[in-house]
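This report concerns only the one structure given below.
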Amino acid sequence: GLVPMADMLNHRIRSDTQTCDWKVENNCFVIRTSKKGLKVGSEAFHSYGFYSNSRYLLWYGFCVEHNVRHDGASPSTAHVDVGLALEADLGVPKSTRVEITIGDYTAALDLLSKLRMSVATYGETRKVMQTTDSEDTVDALWKYPVWLRNEQATMRKLQAAVVNAIARYPTSLKEDLDLLMQRKEQEKEEEQDVSSPLIPVGSNLRNALLVRSDEKRVLAHWLAVCDASLRFMDDIDKEVTTWSQYCGLLDATLHRKTSIAAN
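What follows is the structure, given as structure tokens:
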């Protein structure tokens with residue numbers, strides 16, 4: 423069947439819950455296959471892909487509550503401003519806006535590599551370059567923790583950037599979640615009475631709450647990573663833990679698909 427407004431199809435992330443698939447054909451959207459028997463009046467579901475709510479809102483005009491896969495992975499992203507390079511003329515940190523997420527191991531290594539380079543002393547940089555293979559890229563040399571001082575400076579720098587990003591929001595994550603919960607409770611009590619003051623399902627406020635609460639969850643995760651890393655490295659200074667234990671713990675944390683921040 424023809425779908426002249428394909429964005430009206432309901433979205434579901436999991437492929438096993440989709441009821442149809444579609445493609446562009448002759449300048450219109452066509453339902454190509456029906457994955458399940460569709461009765462008259464039943465809802466048709468399609469996956470628009472696994473994206474953050476900010477992208478869903480930008481591209482399709484809707485947001486999704488509980489935007490996670492069955493394995494707990496989230497596509498949500500946030501942005502932080504960090505100094506990753508030196509201005510050649512001024513010799514001052516250059517602010518660079520970078521995207522962060524949860525569970526993207528390669529992206530996390532790339533970010534931490536650049537941060538480690540940005541806080542490295544001349545002596546640290548020289549030592550790293552002396553141990554390089556000619557085929558290694560500069561980023562690859564800093565992909566994993568190198569020295570305690572450098573790693574502490576790296577995590578403090580990222581921690582400060584995350585704290586600054588969180589401070590830009592007018593509300594806290596808890597306040598956003600409380601507002602969303604109020605909407606749900608009102609919806610149950612008033613059964614969608616048109617005179618109800620509840621937040622409409624597609625309202626700008628609801629979408630804004632969903633987008634920014636997802637962003638704050640990402641920021642909370644990275645703040646927890648920085649805090650835990652710095653505490654662990656303090657224990658290294660006290661000889662309670664070892665450097666190899668820290669490296670292993672950080673690697674395992676970066677592989678996680680779910681946040682380590684408290685809910």
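Heads up, the sequence shown is in this note's numbering, so the first residue is 423 and it goes up one at a time.
Think of the CB as a built atom: it goes at the ideal place given N, C-alpha and C, for glycine as much as any other residue.
For clarity, every value in this text was computed on a predicted model and none was experimentally measured.
CB LEU506 to CB LEU537, shorter than 8 Å? For the purposes of this step, residue 506 is identified with residue 84 of the sequence shown, where counting begins at 1. For the purposes of this step, residue 537 is identified with residue 115 of the sequence shown, where counting begins at 1. For LEU506 and LEU537, yes; Cβs fall inside 8 Å.
Using DSSP's beta-bridge definition, name the partner residues of ARG519. Counted from its first residue, the sequence shown places residue 519 at position 97. Looking at the DSSP assignment, ARG519 forms a beta bridge with ASP503.
With three or more C-beta pairs closer than 8 Å as the rule, is the stretch 643 to 652 touching the stretch 477 to 484? no
Using only the alpha-carbon positions, how far apart do TRP665 and LYS549 sit? As a working note, residue 665 is residue 243 in the sequence shown. As a working note, residue 549 is residue 127 in the sequence shown. Whole-angstrom Cα-Cα distance: 18 Å.
In this structure, does DSSP put THR547 in helix, strand or coil? The sequence position of residue 547 within the sequence shown is 125, counting from 1. It is helical.
Rounded C-alpha distance that separates ASP429 from SER476: Position 7 of the sequence shown holds residue 429. Position 54 of the sequence shown holds residue 476. No answer about ASP429 holds up, because its pLDDT of 48 lies below 50 and its placement is not dependable.
Can you confirm whether the stretch 579 to 595 touches the stretch 527 to 546 when touching is taken to mean that 3 or more C-beta pairs between the two stretches lie within less than 8 Å? yes
Would you kindly work out how many angstroms separate the C-alpha atoms of GLU521 and ARG678, rounded to a whole number? Position 99 of the sequence shown, counted from the start, is the residue given in the question as residue 521. Position 256 of the sequence shown, counted from the start, is the residue given in the question as residue 678. One C-alpha to the other measures close to 17 Å.
Which ranges does the alpha helix (DSSP H) cover as unbroken runs of at least 4 residues, wholly within the stretch 557 to 588, from first to last along the chain? The DSSP assignment places 560 to 563 as complete runs of the alpha helix (DSSP H) inside the stretch 557 to 588, in order along the chain (cut-off: 4 residues).
With DSSP collapsed to three states, give me the class of TYR478. The residue you call residue 478 lines up with position 56 of the sequence shown. It is helical.
On a CA-only basis, which of ARG590, PRO567, ASP503 is nearest LYS579? Give me that one, please. By one-based count along the sequence shown, residue 579 stands at place 157. The shortest Cα separation from LYS579 among ARG590, PRO567, ASP503 belongs to ASP503.
Label GLU573 either buried or exposed according to how many other C-beta atoms from any shown protein chain fall within 10 Å of its C-beta, with 16 as the threshold for buried. Position 151 of the sequence shown, counted from the start, is the residue given in the question as residue 573. Buried: at least 16 other Cβ atoms inside 10 Å.
Tell me whether SER540 sits in a helix, a strand or coil according to DSSP, three-state version. The count along the sequence shown starts at 1 and reaches residue 540 at position 118. Three-state DSSP puts SER540 in a helix.
In angstroms with no decimal places, state the Cα-to-Cα distance between HIS501 and ARG634. Taking the sequence shown and counting its residues from 1, the one referred to as residue 501 is at position 79. Taking the sequence shown and counting its residues from 1, the one referred to as residue 634 is at position 212. Taking the straight line joining both Cα atoms gives about 11 Å.
From which residue to which residue does the alpha helix (DSSP H) around HIS642 run? Numbered from 1 along the sequence shown, position 220 holds the residue referred to as residue 642. The identity of residue 642 in the sequence shown is Ala, whereas the question assumes His. Annotation for ALA642: the continuous alpha helix (DSSP H) segment containing it runs 626 to 659.
With H, G and I counted as helix, E and B as strand and the rest as coil, what does DSSP make of LYS596? By one-based count along the sequence shown, residue 596 stands at place 174. LYS596: helix per DSSP, three-state reduction.
Here's a check: name, in chain order, each residue in its chain whose Cβ is nearer than 7 Å to the Cβ of GLU607, leaving out the five neighbours to either side. Along the sequence shown, one-based indexing puts residue 607 at 185. Cβ within range, chain order: n/a, list empty.
Measuring only the C-alpha atoms, how far is LEU602 from THR547? Numbered from 1 along the sequence shown, position 180 holds the residue referred to as residue 602. Numbered from 1 along the sequence shown, position 125 holds the residue referred to as residue 547. Going from the Cα of LEU602 to the Cα of THR547 covers about 48 Å.
Return helix, strand or coil for CYS485, following the three-state DSSP convention. Taking the first residue of the sequence shown as position 1, residue 485 is located at position 63. In the structure shown, CYS485 sits in coil (DSSP, three-state: anything other than H, G, I, E or B).
Does DSSP put ARG605 in a helix, a strand or coil? Counting from 1 along the sequence shown, the entry for residue 605 is found at position 183. Looking at ARG605 - three-state DSSP - the assignment turns out to be helix.
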